[in-house]
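Chains as they are written, first to last, in the numbering used here: chain A, 836 to 950; chain B, 85 to 195.
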């Protein structure tokens, strides 16, 4: 089966601009998660979708971040306006059950650099 | 959420067995233990998951004592390609809670 696909793989934008990251989960996976690692720190949870609904968005850092999952398929994470501290790697993961038996399948991430 | 503690780094040689222990003293009754592996420029990859006793798959074994306050990931006969960061996560896998990635254990396999 195809894995979790994220694009772009890299993005360099200027402070104040807008960037949209996309994640295509494994087909049939209702659960979709966004995580990120910034400035060499630990991987942190951002939010969790079940189908098109936000199950948990407690990790979203502020209102500059907006995540959507139209029709319960792919998801986008928009950062507007981007700040320097948003630089890092953004990971998307999906799973059929929340994490039962086989854990999450992660994408390779989008490396975001804000200059 | 249960907090986990792992060694920051470990070194090993090719062909050796590597055991990485994770402490999770406040693990809850419904919590499972899951291990992930991460290579540079890639997302974490699921290795193994267990609740108690021993679980084995084609790549690793997971040993969990009766009190479940720790767990040990065992990698048999490591190779250079096993050099990676290994994360231990603890949580209720059916509830869908967000999981906490600690700093992980950076394993370096030497020739």
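A virtual CB, placed ideally from N, CA and C, is assigned to each residue, including glycine.
At the 8 Å Cβ level, is residue i part of the contact set with chain A, yes or no?
i	result
residue 129 of chain B	yes
residue 135 of chain B	no
residue 183 of chain B	yes
Does the Cβ of residue i have 16 or more other Cβ atoms within 10 Å, making it buried, or fewer, making it exposed?
i	result
residue 883 of chain A	buried
residue 195 of chain B	exposed
residue 932 of chain A	exposed
residue 160 of chain B	exposed
Quick check on residue i: does DSSP put it in helix, strand or coil?
i	result
residue 905 of chain A	helix
residue 107 of chain B	strand
residue 176 of chain B	coil
residue 859 of chain A	strand
residue 166 of chain B	helix
Would you say residue i reaches chain B, if we count a Cβ-Cβ gap shorter than 8 Å as a contact?
i	result
residue 939 of chain A	yes
residue 942 of chain A	yes
residue 917 of chain A	no
residue 926 of chain A	yes
Cutting at 7 Å between CB atoms, please list the residues of its own chain near residue i, excluding the five before and the five after it.
i	result
residue 152 of chain B	111, 136
residue 843 of chain A	945
Give the straight-line distance between the Cα atoms of residue i and residue j, rounded to the nearest whole angstrom.
i	j	result
residue 89 of chain B	residue 120 of chain B	14 Å
residue 946 of chain A	residue 100 of chain B	34 Å
residue 128 of chain B	residue 850 of chain A	29 Å
residue 191 of chain B	residue 98 of chain B	12 Å
residue 845 of chain A	residue 149 of chain B	43 Å
residue 139 of chain B	residue 890 of chain A	30 Å
Ignore the nearest five residues each way along the sequence and tell me which others in residue i's own chain have a CB closer than 6 Å to its CB.
i	result
residue 104 of chain B	157, 170, 189
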